[in-house]
Amino acid sequence: MKPFFDIPAASMTVELEAMIKFCGGFMVILGCMLFTVRWNTINGKMSGLALILAAANSAHTAFKLLDKEVFVPRPFYIYSAVMALTGLKLMFFANPIIKAETGKKAK
Numbered sequence: 002m003k004p005f006f007d008i009p010a011a012s013m014t015v016e017l018e019a020m021i022k023f024c025g026g027f028m029v030i031l032g033c034m035l036f037t038v039r040w041n042t043i044n045g046k047m048s049g050l051a052l053i054l055a056a057a058n059s060a061h062t063a064f065k066l067l068d069k070e071v072f073v074p075r076p077f078y079i080y081s082a083v084m085a086l087t088g089l090k091l092m093f094f095a096n097p098i099i100k101a102e103t104g105k106k107a108k
């Protein structure tokens, strides 16, 4: 099987490597979200964890590859913070389960 990007190693730029890693994190999020059911509070934890891991991947990629280990404010860090907060929301503050009535009507 051939890779997605069939380019010589010499033409692989730092920016291209960063974008491949960033898009890979989003593919993991997409896979987890399509595999789980959002309204089931137990399954939301996997999507939340995927968001947090993708946020860490994106921040780490920006810090190591693009910024050369010197913090430079970039949109990658804002996206990482939003993804991490969304992951925490999915994991720990899920919507409550609505229980179906068992045939009794309130009078």
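Taking this note's numbering as reference, the numbering of the sequence shown is continuous, increasing by one, and the terminal residue is 108. Virtual Cβ for every residue (Gly too), placed ideally from N, Cα, C.
Fill in: Buried versus exposed, by CB contacts within 10 Å (16 or more), T14
T14 should be labelled exposed.
Discussion item. For the alpha helix (DSSP H) containing V15, name the first residue and the last one.
Written reply: Per DSSP, the unbroken alpha helix (DSSP H) holding V15 starts and ends at 15 to 36.
Worksheet entry | Span of the alpha helix (DSSP H) around I79 | Judged by DSSP secondary structure, I79 falls within the alpha helix (DSSP H) whose first and last residues are 76 to 93.
Worksheet entry | Inter-residue Cα distance where the pair is P4 and I99 | Each residue's CA atom was taken as its position, placing P4 and I99 some 46 angstroms apart.
Discussion item. On a Cα-Cα basis, can you pick out the residue from P9, G88, A11, F93 that is closest to I30?
Written reply: It is G88.
Worksheet item: To which residues of the same chain is D68 closer than 8 angstroms at the C-beta, ignoring the five residues directly before and after it?
Response: Closer than 8 angstroms at Cβ, skipping near neighbours: R75.
Worksheet entry | Top-ranked residue by Cα proximity to A55, from A11, K46, G25 | If we check each option's Cα against that of A55, G25 comes out closest.
Item to complete: Specify the secondary structure class of M47 as computed by DSSP and reduced to three states.
Response: Secondary structure at M47: helix, using DSSP grouped into helix, strand and coil.
Worksheet item: Among the residues of its own chain, which have a CB less than 8 angstroms from the CB of A63, if the five just before and after it don't count?
Response: Within the same chain, and ignoring the five residues on either side of A63 in sequence, the residues whose Cβ sits closer than 8 angstroms to its Cβ are A19, R75, F77, Y78, S81.
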